[in-house]
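In the working numbering, the protein residues as written are 10 to 160.
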Amino acid sequence: MDEALRQARKAAAKGEVPVGAVLVVGDRIVAKAHNQVEELKDATAHAEMLAVTTAAGETGEWRLKEATVYVTKEPCPMCAGAMALSRVKRVVYGAADPKMGAAEGSDGVCDEGAVPDVCRGDGVVAGEAGGVRGGRPEDGGGGRCVEPAAV
Ligand SMILES: [Zn+2]
């Protein structure tokens, strides 16, 4: 999650919504990405989407059955769906996103068991972690990030 937070800070430095994601297989980081919606002028350029696409390119395999994705914010329905279709085994996210989140939010994508294991990390890390916020400041989101204890 530390690397995901670093990625989120990269996004923040570029004026993007500060979200970072890291895709790990075993002990190896296969892909890391940050939001690039503004930079790429692409509404789908969320950190998780970019990490999944990069990982597929790196491994030559679209099925990422052994992958864990660490993402600083609860995935949106698009990213949750992409990770489900990619057969990602586990998703660990930091801050909840009550507005767009697909795990705790109302969408329910993650509730259907599409991704076998979706969990929110343990151990609260204060929102001052590099100024990385869990959501758009104008939405009042964020100010808190959560890291998994076992990463
Ligand atoms: Zn997303």
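Beta carbons are placed, not taken as given, at the ideal position from N, Cα and C, and that holds for glycine.
- A heavy atom of ligand 1 is found nearer than 7 Å to the CB of E57.
- Of the heavy atoms belonging to ligand 1, none sits nearer than 7 Å to the Cβ of P27.
- Per the C-alpha coordinates, the member of A20, P107 and M92 positioned closest to E57 is M92.
- Contact annotation: C85 and H55 have beta-carbon atoms nearer than 8 Å.
- Partner residues in the beta bridge of L32, as assigned by DSSP, are A40 and V78.
- Taking E12 as the centre and dropping the five residues before and after it, the same chain places the C-beta of G29, V31, I38, K41 and Y79 closer than 8 Å to its C-beta, in chain order.
- Shortest gap from the CB of M87 to any heavy atom of ligand 1: under 7 Å.
- Contact between V100 and V127 is confirmed by a C-beta separation of about 5 Å, below the 8 Å threshold.
- P84 has its Cβ nearer than 7 Å to a heavy atom of ligand 1.
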